[in-house]
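Asks: Protein chains in written order, with our numbering: chain A, 163 to 483; chain B, 23 to 560; chain C, 287 to 560. Quick reminder that beta carbons are idealized off the backbone N, C-alpha and C, glycines included. Nothing here was measured: the structure is a model prediction, and the numbers come from that model. Pasting a structure here, questions to come.
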Amino acid sequence: MARFALRRVLAAILTVGLVVSITFLLAHLAPGQPMLADAERMHADPARIARIRAEFGLDRPLAVQYTMYVGNALRGNLGESFTMRRSVGEILRERLPHTALLAGAALLLAFAAGIAIAAIQATRAGSWTDAGVGAVTLTFHSTPSFWLGLILMVAFGQWLGWLPVGGMTTPVEHEQMGMMGRMVDVGRHLILPALTLALVLTAEIARYQRGALVDALGSEFVRAARAKGLAERAVLLRHALRAALAPVVVLAGMSVPALLAGAVLVETVFGWPGMGRLTRDAIVTRDYNLILGAAIISGALVAIGNLAADLGAHALDPRTR
Amino acid sequence: MHRRLFACALIFLSLAGYRGDRGAGTAGTGGTLIIAAPGDADVLLPPVATTQLAAHVIQRIFPRLAELKLGLNTLDDSGFTPVLARRWEHRDAKTIVFHLDPRARWQDGVPITSADVVYTFGVYRDSLTASPYRVNLDPIASVTAPDAGTVVFTFRTSYPEQLYDATYQLLMLPKHLLGGIRDDSLASSAFARHPVGAGPFHFGHWEAGTEISVEADTTWFLGRPHLDRIVWRVMPDVAASVSALLAGDADAIEFVPQRDQIERAARDTMLRLVPYPSPFIGGLIFNLRRPLFADRAMRRAIGMAVDRETIVRSVFGPWGETPIGFATRMQWIASGTVRQLRYDTAEASRLLDSLGWRRGAGGMRQRAGQPLEFTVVTPTTSRIRQEVATLIQNQLAQAGISLKIQPLEVSVFDQRTAAGDFEAMMFSRTLDPSPGNMVQFWASSSVGGENFGAYRSPAFDSLLAAATRSRGRTASLPKWHAVLERLNLDAPALFLYTPRNNAAIHRRFENVTIRPDSWLATVATWSVAPDRRLPRDR
Amino acid sequence: MFGLALVTTIVLIAILAPLIAPHDPLAMPDPVLLRTAPPSRQFLFGTDAFSRDVFSRLLFGARVSLVVGIASAALAVLIGGAVGIAAGLGGPMVDTVLMRGVDVALALPRVFILLAALALWEGAPLSALIALIALTGWFGASRLVRAHVRQLAEEPWAAATLALGGGKRRLARHLLPHVAATIIVSATLDIGNIILLEAGLSFLGLGIGPPTPTWGNMILEGRDLIFAAPWVAVAPGLALTITVIAFNLLGDGLRDALNPRGTAGRWNRLTGSV
Chain A
163 MARFALRRVL AAILTVGLVV SITFLLAHLA PGQPMLADAE RMHADPARIA
213 RIRAEFGLDR PLAVQYTMYV GNALRGNLGE SFTMRRSVGE ILRERLPHTA
263 LLAGAALLLA FAAGIAIAAI QATRAGSWTD AGVGAVTLTF HSTPSFWLGL
313 ILMVAFGQWL GWLPVGGMTT PVEHEQMGMM GRMVDVGRHL ILPALTLALV
363 LTAEIARYQR GALVDALGSE FVRAARAKGL AERAVLLRHA LRAALAPVVV
413 LAGMSVPALL AGAVLVETVF GWPGMGRLTR DAIVTRDYNL ILGAAIISGA
463 LVAIGNLAAD LGAHALDPRT R
Chain B
23 MHRRLFACAL IFLSLAGYRG DRGAGTAGTG GTLIIAAPGD ADVLLPPVAT
73 TQLAAHVIQR IFPRLAELKL GLNTLDDSGF TPVLARRWEH RDAKTIVFHL
123 DPRARWQDGV PITSADVVYT FGVYRDSLTA SPYRVNLDPI ASVTAPDAGT
173 VVFTFRTSYP EQLYDATYQL LMLPKHLLGG IRDDSLASSA FARHPVGAGP
223 FHFGHWEAGT EISVEADTTW FLGRPHLDRI VWRVMPDVAA SVSALLAGDA
273 DAIEFVPQRD QIERAARDTM LRLVPYPSPF IGGLIFNLRR PLFADRAMRR
323 AIGMAVDRET IVRSVFGPWG ETPIGFATRM QWIASGTVRQ LRYDTAEASR
373 LLDSLGWRRG AGGMRQRAGQ PLEFTVVTPT TSRIRQEVAT LIQNQLAQAG
423 ISLKIQPLEV SVFDQRTAAG DFEAMMFSRT LDPSPGNMVQ FWASSSVGGE
473 NFGAYRSPAF DSLLAAATRS RGRTASLPKW HAVLERLNLD APALFLYTPR
523 NNAAIHRRFE NVTIRPDSWL ATVATWSVAP DRRLPRDR
Chain C
287 MFGLALVTTI VLIAILAPLI APHDPLAMPD PVLLRTAPPS RQFLFGTDAF
337 SRDVFSRLLF GARVSLVVGI ASAALAVLIG GAVGIAAGLG GPMVDTVLMR
387 GVDVALALPR VFILLAALAL WEGAPLSALI ALIALTGWFG ASRLVRAHVR
437 QLAEEPWAAA TLALGGGKRR LARHLLPHVA ATIIVSATLD IGNIILLEAG
487 LSFLGLGIGP PTPTWGNMIL EGRDLIFAAP WVAVAPGLAL TITVIAFNLL
537 GDGLRDALNP RGTAGRWNRL TGSV
């Protein structure tokens with residue numbers, strides 16, 4: 163197990179390095195002279211441009227620039243964003259928790275709904291209810307998230323007026339609220355984007371869990387439990403669900419890329435100030451240091467997700483237990 | 023002296039919609055104005071700030087010597103009201119002497135002196151600063167300070183808008199805070215992100231890409247603003263900003279640019295639409311550095327193939343009009359008729375044929391195997407410009423010209439257009455009240471500056487100089503019209519639309535007046551009645 | 287088979303778009319009077335901000351979605367299939383190198399790389415978009431094919447082919463029909479995701495740009511009109527949903543019908559990093 167874990171961790175680190183390298187290469191192969199142009203666009207004075215030049219080796223060959231960037235990055239210096247005029251590290255530290263909140267809420271919602279749907283389907287496998295619920299999940303699975311978000315925003319934010327239409331907090335008033343008030347405020351802003359992001363994942367989780375539950379319900383130990391005279395409800399809750407819940411870690415780990423990709427669109431639609439919108443903004447404004455910073459974060463998140471999934475799968479696999 | 027000052031203050035306050043019953047006491051003060059802004063500020067240092075939001079913020083923080091009144095009369099002194107200068111006199115035809123208000127203080131407590139004014143003029147004029155407004159100060163030969171409370175402006179020639187040029191273009195900078203910094207480092211200094219001024223508001227905070235705020239200076243020497251603070255929230259998406267207004271998350275927007283959104287805002291009972299003459303003009307600039315557009319006949323042919331009326335009706339509905347040239351309703355020169363290119367597809371077709379561009383397969387024109395095509399760049403943030411470009415694309419296709427639209431993210435757009443790296447660009451400009459700043463956009467001397475298309479015409483330059491010198495409305499109007507006409511017929515750009523502006527403002531704000539060139543010019547007198555305050559107003 | 291019928295209908299509509307469409311999708315009959323006209327007999331799904339017929343644009347938009355979806359999926363599955371067969375039949379060295387590579391590639395954030403590549407090279411043409419999507423999307427398929435190939439290679443007839451001196455190239459030719467089922471199912475299940483991916487990129491302004499109608503850029507254009515003219519954004523969203531459902535149903539149906547071994551999961555949306 164320990165050797166396996168070590169190998170996976172090394173692979174994860176390698177992945178992050180690869181993502182950064184690909185992004186670096188993309189940025190430098192693209193037309194224009196990225197970093198230097200950034201420095202000039204920052205209204206920087208000559209002394210400062212010279213400092214940035216030296217710090218990131220901008221007039222040196224590409225390979226040298228790359229090593230210098232990696233060296234700086236390893237020391238925690240990700241450079242400065244020209245659009246925000248702040249250090250990239252600082253911006254990432256501020257935005258990452260916002261996306262973590264959104265993705266965490268979405269994951270929680272998706273698992274709660276997915277497992278519930280799976281339980282309904284599995285206990286009625288083959289029935290009309292099963293087929294009907296299956297059709298609904300397939301529909302959500304096939305809906306573009308940004309469009310769904312738009313529709314939800316119009317319906318709940320505009321027509322019904324129940325929820326805020328964008329952003330993460332109520333301006334000004336948020337600052338005047340107490341601790342509880344602030345949490346409620348963020349929570350209200352969180353509902354629609356989290357729901358949009360969750361709806362897309364729910365279908366996957368429900369499909370997977372339904373399969374796992376059907377298998378579990380037909381397995382030896384469940385039959386044994388039934389034979390002992392346990393009520394069907396208890397069988398489902400105590401035995402079958404427990405068996406089906408095991409791969410949650412694996413599923414959650416594997417959801418990370420989908421969550422990140424979804425976050426780009428959903429955060430753009432709802433104006434949620436997280437990593438997704440930051441990534442998109444950085445890319446379209448060609449804020450190179452910020453793009454590379456975002457590459458590190460999304461590479462690391464996906465790698466961590468995969469690592470969790472691998473280790474989870476490894477731990478669950480009867481052959482390695 | 024005091025009587026005169028009092029009289030001036032009274033005129034100022036009454037013009038600004040001041041109501042005596044509210045008094046200067048604290049009962050009438052309070053309130054937060056949240057404004058939805060379409061884009062972030064670039065830098066909060068007046069000589070180099072270019073974005074719309076930056077302009078609004080710095081004009082709250084940095085005062086002028088005198089302020090234009092609502093009537094926007096730039097030609098004589100009655101159009102101005104004192105701010106930093108409590109009074110001024112014309113010593114001769116080329117000299118204005120300003121006397122500073124001794125009560126004026128920088129927000130760190132240091133008194134404002136004539137040295138600050140001299141320093142400010144120097145910064146704007148220094149080529150190291152690279153201020154785009156530098157050319158507007160060309161007519162001023164020197165600024166000197168005989169004593170701490172007196173400043174003397176000397177002009178190169180005698181012309182009517184001297185006071186306007188001396189006051190409107192210069193926002194005063196604190197020498198004691200900036201004097202030690204080289205002019206080419208000012209824009210990147212900490213001050214430019216966290217400014218200290220002497221206006222009715224002081225800087226609050228700036229979260230890049232998200233929010234900027236200013237707070238009332240309760241000790242301002244001309245009386246504190248009624249509102250406590252102004253917050254600008256950056257919302258690039260117009261539909262989203264109108265949604266924020268309807269939801270009460272924002273209170274005001276400078277102007278609602280899209281007709282569908284105006285209709286949405288108009289239906290809401292909490293919002294008031296305040297129409298005002300627009301300082302905006304938009305259109306398409308040709309890059310005359312490109313051989314295709316160096317040819318005047320080509321530009322004219324394209325101009326005649328574009329149906330401006332249809333574009334304006336489609337994009338703006340009733341809330342827009344076709345301009346008479348490079349001028350908007352806000353400017354006094356926009357009255358009367360000026361010769362323009364006609365919409366005449368037959369004539370456009372004849373011109374293109376005569377240039378050798380003949381219709382080929384599919385009706386598209388070509389010459390020596392080369393298709394007649396060009397690319398127009400437009401910023402992704404402006405839906406209006408993208409819509410207009412799309413309509414032009416359709417109209418030009420009927421004339422056999424293939425137009426490609428390249429949407430660019432706004433910072434990339436700014437960079438490429440400033441560098442002259444484009445074929446054609448969709449532009450939008452906020453004009454000054456005076457037509458004099460046409461020099462900034464079209465004079466030969468501004469090539470490399472904001473004359474993005476590199477239009478060079480000695481004839482235009484001399485017409486412009488003549489118009490600037492002429493005295494009196496009736497005498498100068500025909501001269502200004504000649505300037506506009508020359509620009510229309512040379513067609514370095516197509517002047518396509520000028521909106522009829524509608525600001526949308528929450529009804530709880532009272533005493534709302536709008537000076538068209540700068541909609542927040544009188545915001546210090548806007549107020550919220552105590553009984554209508556929201557939690558955020560307290 | 288409902289999925290097949292639905293997909294066939296949609297593909298036919300896309301092919302016959304010029305015949306079915308009541309209007310030219312780019313024509314602006316009257317940008318003043320017919321701007322954002324509500325649905326009517328003349329304009330089934332109304333008009334957009336330029337008086338263009340939303341219904342006709344929808345039909346033509348189907349072409350972009352289908353071409354990108356089908357071509358990218360086909361290309362991806364070809365690359366993935368080739369790599370999978372090579373890994374499955376090649377020696378342990380080849381297998382290790384290829385599959386370790388695929389492991390790493392599967393862990394790359396695909397959308398991030400697509401966004402970066404598309405934004406940095408402004409206005410990428412359709413072929414580049416297809417190539418990019420395919421090049422970042424073949425990893426999963428190669429894993430499936432490799433697993434299937436290894437399974438098949440252990441069967442008696444495969445061993446016999448090799449024993450008779452057929453060589454690996456010949457064996458590969460024999461394996462192909464068996465692996466084809468895996469490939470086809472995998473590709474079909476991928477089409478839906480790629481269509482959503484392309485629409486998402488268009489919506490972010492990074493896919494195929496105007497004036498060519500795509501469902502993604504139609505939603506983008508309809509976004510600001512969502513209150514005044516909801517049909518502009520609603521129609522392409524529904525079209526997308528129905529098309530993706532169709533391909534998912536078809537993929538599920540094909541899998542059940544062909545029952546290829548090794549096609550373990552349907553939840554490609556997670557593993558495919560969309």
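Return the CA-CA distance between Q338 of chain A and W254 of chain B, expressed in angstroms with no decimal places.
Replies: Taking the first sequence and counting its residues from 1, one reaches residue 338 of chain A at position 176. Taking the second sequence and counting its residues from 1, one reaches residue 254 of chain B at position 232. Cα-Cα distance, rounded: 18 Å.
Asks: Return no unless some Cβ of chain A is closer than 9 Å to the Cβ of L401 of chain C.
Replies: The count along the third sequence starts at 1 and reaches residue 401 of chain C at position 115. Yes, L401 of chain C lies at the interface with chain A (some Cβ there is under 9 Å from its Cβ).
Asks: Which chain C residues are close to V432 of chain B, counting only those with a beta carbon under 9 Å from its beta carbon?
Replies: Indexing the second sequence from 1 puts residue 432 of chain B at position 410. Here the premise fails: no neighbours, minimum Cβ distance about 12 Å.
Asks: If we cut at 9 Å on Cβ distances, does N468 of chain A have a partner in chain C?
Replies: The residue labelled residue 468 of chain A in the question sits at position 306 within the first sequence. Answer yes: the Cβ-Cβ gap between N468 of chain A and chain C drops below 9 Å somewhere.
Asks: Tell me which same chain residues have a C-beta within less than 7 Å of the C-beta of D43 of chain B, skipping the five on either side of it?
Replies: Here residue 43 of chain B refers to the residue found at position 21 when the second sequence is read from its first residue. Reliability of the predicted coordinates at D43 of chain B is poor, the pLDDT of 38 falling under 50, and no value is obtained from them.
Asks: Give the single residue among C:L375, C:Q328, C:T382 whose Cα lies nearest to the Cα of R564 of chain C.
Replies: Given a span of 287 to 560 for chain C in the structure shown, any question on residue 564 of chain C remains unanswerable.
Asks: So, does the CB of S337 of chain C fall closer than 9 Å to a CB anywhere in chain B?
Replies: In the third sequence, counting from the first residue as 1, residue 337 of chain C sits at position 51. Judged by the 9 Å Cβ criterion, S337 of chain C is in contact with chain B.
Asks: Could you check if V171 of chain A belongs to the surroundings of the ligand NAP, using beta carbon to heavy atom distance under 8 Å?
Replies: Absence of the ligand NAP is noted for the structure shown, with no ligands found whatsoever.
Asks: What does S326 of chain A reach in chain B if we use C-beta pairs closer than 8 Å?
Replies: On the first sequence, residue 326 of chain A is found 164 positions in, with the first residue counted as 1. The amino acid occupying residue 326 of chain A in the given sequence is Pro; Ser does not appear at that position. Identification of chain B residues near P326 of chain A by a Cβ-Cβ cut-off of 8 Å yields A269, D271, ordered along the chain.
Asks: With DSSP as the reference, please indicate the residues paired to S235 of chain B in a beta bridge.
Replies: Against the second sequence, residue 235 of chain B aligns to sequence position 213. According to DSSP, which records beta bridges pairwise, S235 of chain B is partnered with B:H227, B:V253.
Asks: Output needed for D317 of chain B: all residues of its chain with C-beta closer than 8 Å, excluding positions within five of it in sequence on either side, in chain order.
Replies: Residue mapping note: residue 317 of chain B aligns to position 295 of the second sequence, counting from 1. Counting only Cβ-Cβ distances below 8 Å, and skipping sequence neighbours, we find L377.
Asks: What's the call for A566 of chain C, buried or exposed, on a 16-neighbour Cβ count within 10 Å?
Replies: Residue 566 of chain C is absent from the structure shown; chain C starts at 287 and stops at 560.
Asks: Pull up the distance between the alpha-carbon of D187 of chain B and that of A225 of chain A, whole angstroms please.
Replies: Walking along the second sequence from the start, residue 187 of chain B turns up at place 165. Walking along the first sequence from the start, residue 225 of chain A turns up at place 63. Computed Cα separation, rounded: 53 Å.
Asks: What residues in the segment 344-372 of chain A bring their beta carbon closer than 8 Å to a beta carbon of chain B?
Replies: none
Asks: Rounded to the nearest angstrom, how far is the Cβ of A88 of chain B from that of T189 of chain B, given a contact under 8 Å?
Replies: Stepping through the second sequence from its first residue, residue 88 of chain B is reached at position 66. Stepping through the second sequence from its first residue, residue 189 of chain B is reached at position 167. Rounded, the Cβ-Cβ distance is 4 Å, consistent with contact.
Asks: For E242 of chain A, write down the residues that DSSP places opposite it in a beta bridge.
Replies: On the first sequence, residue 242 of chain A is found 80 positions in, with the first residue counted as 1. Answer is A:S249.
Asks: With 8 Å as the limit, tell me which residues of the segment 417-445 of chain A have their beta carbon closer than that to any beta carbon of chain C; keep them in chain order.
Replies: S417, P419, A420, L422, A423, V426, L427, T430, T441, R442, I445
Asks: Which residue marks the beginning of the alpha helix (DSSP H) containing Y298 of chain B, and which one marks its end?
Replies: On the second sequence, residue 298 of chain B is found 276 positions in, with the first residue counted as 1. No alpha helix (DSSP H) contains Y298 of chain B, which is instead part of the beta strand (DSSP E) from 293-298.
Asks: Between C:G486, C:P315, C:I469, which lies nearest to G424 of chain A when the distance is taken from Cα to Cα?
Replies: Translated into the one-based positions of the first sequence, residue 424 of chain A becomes position 262. Answer by Cα proximity: C:G486.
Asks: Is there a C-beta anywhere in chain A that falls below 9 Å from the one on D259 of chain B?
Replies: Mapped onto the second sequence, residue 259 of chain B falls at position 237. With 9 Å as the cut-off, D259 of chain B counts as an interface residue toward chain A.
Asks: What residue ranges within the segment 308-343 of chain A form continuous alpha helix (DSSP H) runs of no fewer than 4 residues, ordered along the chain?
Replies: 335-338
Asks: With 9 Å set as the bound, which would you pick, yes or no: does the beta-carbon of E409 of chain B sit closer than that to a beta-carbon of chain C?
Replies: As a position in the second sequence, residue 409 of chain B is number 387, starting the count at 1. At least one chain C Cβ lies under 9 Å of E409 of chain B.
Asks: Within 10 angstroms of its Cβ, does E440 of chain C collect 16 or more other Cβ (buried), or is it exposed?
Replies: Within the third sequence, numbered from 1, the residue matching residue 440 of chain C stands at position 154. Exposed, because fewer than 16 other Cβ atoms sit within 10 Å of the Cβ of E440 of chain C.
Asks: Within its chain, find whatever has a CB closer than 6 Å to the CB of A465 of chain A; leave out the 5 residues flanking it on each side and keep chain order.
Replies: As a first step, residue 465 of chain A is located in the first sequence; it is residue number 303 there, counting from the start. Hits under 6 Å: A174, T177, V178.
Asks: Under the rule that 16 or more other beta-carbon atoms within 10 Å means buried, what is M246 of chain A, buried or exposed?
Replies: Walking along the first sequence from the start, residue 246 of chain A turns up at place 84. By the 10 Å Cβ count, M246 of chain A comes out buried.
Asks: For I459 of chain A, which option in A:S417, A:L361, A:M330, A:R255 has the closest C-alpha, if you only look at C-alpha atoms?
Replies: Against the first sequence, residue 459 of chain A aligns to sequence position 297. Of A:S417, A:L361, A:M330, A:R255, the residue nearest in Cα terms is A:R255.
Asks: Alpha helix (DSSP H) containing P480 of chain B: first to last residue?
Replies: Walking along the second sequence from the start, residue 480 of chain B turns up at place 458. Where P480 of chain B is concerned, the enclosing alpha helix (DSSP H) stretches over 480-491.
Asks: Enumerated in chain order, which unbroken segments of the beta strand (DSSP E) with a length of 3 residues or greater are wholly contained in the segment 292-367 of chain B?
Replies: 293-298, 302-308
Asks: Nearest chain A C-beta to G231 of chain B closer than 9 Å, yes or no?
Replies: Start at 1 with the first residue of the second sequence, and residue 231 of chain B comes out as number 209. So, interface residue.
Asks: Can you find a CB in chain A that lies within less than 9 Å of the CB of S149 of chain B?
Replies: Looking up residue 149 of chain B in the second sequence gives position 127. Cβ-Cβ to chain A under 9 Å: no for S149 of chain B.
Asks: Can you tell which of B:H198, B:S153, B:S450, B:R491 has its C-alpha closest to the C-alpha of S404 of chain B?
Replies: Here residue 404 of chain B refers to the residue found at position 382 when the second sequence is read from its first residue. Looking at the Cα atoms, B:S450 is the closest of the given residues.
Asks: With H, G and I counted as helix, E and B as strand and the rest as coil, what does DSSP make of H121 of chain B?
Replies: As a working mapping, residue 121 of chain B is identified with position 99 in the second sequence. Correct three-state label for H121 of chain B: strand.
Asks: Quick check: is the beta carbon of S336 of chain B nearer than 9 Å to any beta carbon in chain C?
Replies: Position 314 of the second sequence, counted from the start, is the residue given in the question as residue 336 of chain B. Yes, S336 of chain B counts as interfacial toward chain C.
Asks: Just the C-alpha distance for T430 of chain A and G438 of chain A, rounded to the nearest angstrom, thanks.
Replies: For the purposes of this step, residue 430 of chain A is identified with residue 268 of the first sequence, where counting begins at 1. For the purposes of this step, residue 438 of chain A is identified with residue 276 of the first sequence, where counting begins at 1. Roughly 7 Å between the two C-alpha positions.
Asks: Name the residues in the segment 523-534 of chain C whose C-beta lies less than 7 Å from a C-beta of chain A; which are they?
Replies: G523, L526, T527, V530, I531, N534
Asks: Quick check: is the beta carbon of V182 of chain A nearer than 9 Å to any beta carbon in chain D?
Replies: Chain labels in this structure do not include chain D; the protein chains are A, B and C.
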